[in-house]
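Peer 1: Below is a structure I'd like to ask you about.
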Amino acid sequence: MSLGGSMDSDRIEELCQDMDSLAQQTWKNYEEGSGVGLAPGEESTTDSVLLDLWRVSGDILHVNKFTRHQERRNGADWEWWVGSVTDGWLCLRVQAKRIYEQRYDRLDHRDKETGVYQYETLIQGCAQDSYSYPVHVFYNGWPNTRFGQTSPSDDEVAFAKNPWWKAPFRQCPSWGIAALSSYDVARLHSGGGSYAPRYLEQAMPWSELFRAGTRAQFEPWKTPLHHIHQRLTQITEAAADSYPDAPRIPSISHARPRRDLPRYAEVVRNGEAAAFERHTFNDQNALPPNPYVAVLDLGE
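With the working numbering applied, the sequence shown covers 534 to 833.
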């Protein structure tokens, strides 16, 4: 164990390796499923990914899917809280988008009433505080001829330009679940639509959202959350600087974790979500804003 009671860095690395394995399985599901009309939807993929990750990491990862929840006023599909009782908590608010042929078609959808893109709502929601980060995850997988018969094809060109296209991620299945700051998504979409290779060129394997926590073994005076916080801040600052018209998260470089989990996340962490939902479903303010809630407890 490192100083401050945080989990061992090896345990975080194990979690990230499990995330890598799930990315590879997700790629296989979309690659094979697309050929027989059974490519999974976004919600079913999120269901299976979080369930499988909980199965192998249930000692540190707590998840729940609430059946009663508020409308998605903040634009997120799910929330991922990371931290500890000692160090406080950060929140990743996540939009998940799956591949449709060559595009992430659902990036094009606007709110029927306001006309605002969902990613804009997500960014605006996170801009209300300094402990939430807007993130997109992309569910990928396709046969190697999807983007053309010529070599290199557009997806190959995009991966070759991506700084993360290196060991151990120098293979397409490693990108079955890719992550990108929503600020980058907003910039790319506003500048050229939803063509997938444009996003693949700048995305990262989703495990890299948390792998920075393993650096605590080299700097034991800093907690894993400190390193993860630093990584998320760097990613978000760089993306926000590239899209200056978007709302800014207040004082990103000086952000601090939230001291306590919100009540709905605390009951997920404690394994009490089912009872909480049964007893508070009439109190909309007490329910989570999104159906999926995950809590990664770095103090366990």
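We put the CB at the ideal spot given by N, CA and C, even for glycine.
The model shown is predicted, which means the values in this text are computed figures rather than measured ones.
Under the rule that 16 or more other beta-carbon atoms within 10 Å means buried, what is Ser-740, buried or exposed?
Peer 2: Translated into positions along the sequence shown, residue 740 becomes position 207. Buried, by the Cβ-count rule.
Peer 1: Between Leu-831 and Ser-715, what straight-line distance do the alpha-carbon atoms span, to the nearest angstrom?
Peer 2: Mapped onto the sequence shown, residue 831 falls at position 298. Mapped onto the sequence shown, residue 715 falls at position 182. Straight-line measurement puts the Cα of Ser-715 at about 25 angstroms from the Cα of Leu-831.
Peer 1: Could you compute how far the alpha carbon of Tyr-664 sits from the alpha carbon of Ser-581?
Peer 2: Translated into positions along the sequence shown, residue 664 becomes position 131. Translated into positions along the sequence shown, residue 581 becomes position 48. Cα to Cα, Tyr-664 sits roughly 27 angstroms from Ser-581.
Peer 1: Evaluate Leu-536 with the Cβ neighbour count: other Cβ atoms within 10 Å of its Cβ, from every protein chain shown; 16 or more gives buried, anything less gives exposed.
Peer 2: On the sequence shown, residue 536 is found 3 positions in, with the first residue counted as 1. Bear in mind that the predicted position of Leu-536 carries a pLDDT of just 40, short of 50, making it unreliable; the figure below should be weighed with that in mind. With fewer than 16 other Cβ atoms within 10 Å, it is exposed.
Peer 1: For Gly-681 and Gly-608, which I take to be in contact (beta-carbon distance under 8 angstroms), what is that distance rounded to the nearest angstrom?
Peer 2: As a position in the sequence shown, residue 681 is number 148, starting the count at 1. As a position in the sequence shown, residue 608 is number 75, starting the count at 1. About 33 angstroms; that fails the 8 angstroms criterion.
Peer 1: Can you tell me whether DSSP reads Gln-735 as helix, strand or coil?
Peer 2: Counted from its first residue, the sequence shown places residue 735 at position 202. Of the three classes helix, strand and coil, the one that applies to Gln-735 here is coil, per DSSP.
Peer 1: Mapping DSSP to helix, strand and coil, what is Glu-799?
Peer 2: Here the question's residue 799 lines up with position 266 in the sequence shown. In the structure shown, Glu-799 sits in a helix (DSSP, three-state: H, G or I).
Peer 1: By how many angstroms is the C-alpha of Val-690 removed from the C-alpha of Trp-614?
Peer 2: One-based indexing of the sequence shown puts residue 614 at position 81. One-based indexing of the sequence shown puts residue 690 at position 157. C-alpha separation (whole angstroms): 34 angstroms.
Peer 1: Helix, strand or coil: how does DSSP classify Asn-562 here?
Peer 2: Reading the sequence shown from its first residue, position 29 is the one you call residue 562. Three-state DSSP puts Asn-562 in a helix.
Peer 1: Quick one, which of Trp-587, Gly-568, Lys-755 and His-642 has its alpha-carbon nearest Thr-678's?
Peer 2: Within the sequence shown, numbered from 1, the residue matching residue 678 stands at position 145. Of the candidates Trp-587, Gly-568, Lys-755 and His-642, the one whose C-alpha sits nearest the C-alpha of Thr-678 is Gly-568.
Peer 1: Considering only their Cβ atoms, is the gap separating Ser-686 from Arg-720 smaller than 8 angstroms?
Peer 2: Counted from its first residue, the sequence shown places residue 720 at position 187. Counted from its first residue, the sequence shown places residue 686 at position 153. Contact flag unset, no.
Peer 1: Nearest-angstrom Cα distance between Ile-656 and Arg-588?
Peer 2: Looking up residue 656 in the sequence shown gives position 123. Looking up residue 588 in the sequence shown gives position 55. Computed Cα separation, rounded: 31 angstroms.
Peer 1: Identify, in the order they occur along the chain, each residue of the same chain with its Cβ nearer than 8 angstroms to the Cβ of Gln-558, setting aside the five sequence neighbours on each side.
Peer 2: The residue you call residue 558 lines up with position 25 of the sequence shown. So the list reads Asp-585 and Gly-709, once near-sequence residues are dropped.
Peer 1: State the beta-bridge partners of Gln-628 as determined by DSSP.
Peer 2: One-based indexing of the sequence shown puts residue 628 at position 95. According to DSSP, Gln-628 bridges with His-669.
Peer 1: Using a 10 Å radius around the Cβ and a threshold of 16 neighbouring Cβ atoms, would you call Pro-790 buried or exposed?
Peer 2: Within the sequence shown, residue 790 is the residue found at index 257, counting from 1. Looking at its Cβ environment, which holds 16 or more other Cβ atoms inside 10 Å, Pro-790 is buried.
Peer 1: According to the Cβ coordinates, are Asp-688 and Leu-733 closer than 8 angstroms?
Peer 2: As a working mapping, residue 688 is identified with position 155 in the sequence shown. As a working mapping, residue 733 is identified with position 200 in the sequence shown. In contact: Asp-688 and Leu-733 (Cβ atoms closer than 8 angstroms).
Peer 1: Within its chain, find whatever has a CB closer than 6 angstroms to the CB of Arg-748; leave out the 5 residues flanking it on each side and keep chain order.
Peer 2: Here residue 748 refers to the residue found at position 215 of the sequence shown. Same-chain partners within the cutoff: His-760.
Peer 1: Roughly how many angstroms separate the alpha carbons of Leu-594 and Glu-576, rounded to a whole number?
Peer 2: As a position in the sequence shown, residue 594 is number 61, starting the count at 1. As a position in the sequence shown, residue 576 is number 43, starting the count at 1. Approximately 19 angstroms, taken between the alpha carbons.
Peer 1: Could you tell me the boundaries of the beta strand (DSSP E) in which Ala-827 lies?
Peer 2: In the sequence shown, counting from the first residue as 1, residue 827 sits at position 294. Its beta strand (DSSP E) spans residues 825 to 830.
Peer 1: Take Thr-769 as the anchor and find which of Pro-738, Arg-792 and Ala-660 has the nearest alpha-carbon.
Peer 2: The count along the sequence shown starts at 1 and reaches residue 769 at position 236. Closest option to Thr-769, Cα to Cα, is Ala-660.
Peer 1: Skipping 5 residues on each side, what residues in its chain have a beta carbon closer than 8 angstroms to that of His-602?
Peer 2: The residue you call residue 602 lines up with position 69 of the sequence shown. Cβ neighbours of His-602 beyond the five flanking positions: Leu-820, Pro-821, Pro-822, Asn-823 and Pro-824.
Peer 1: Given a threshold of 16 other Cβ atoms within 10 Å of its Cβ, counted over all protein chains shown, does Ser-707 qualify as buried or as exposed?
Peer 2: Indexing the sequence shown from 1 puts residue 707 at position 174. Burial call: buried.
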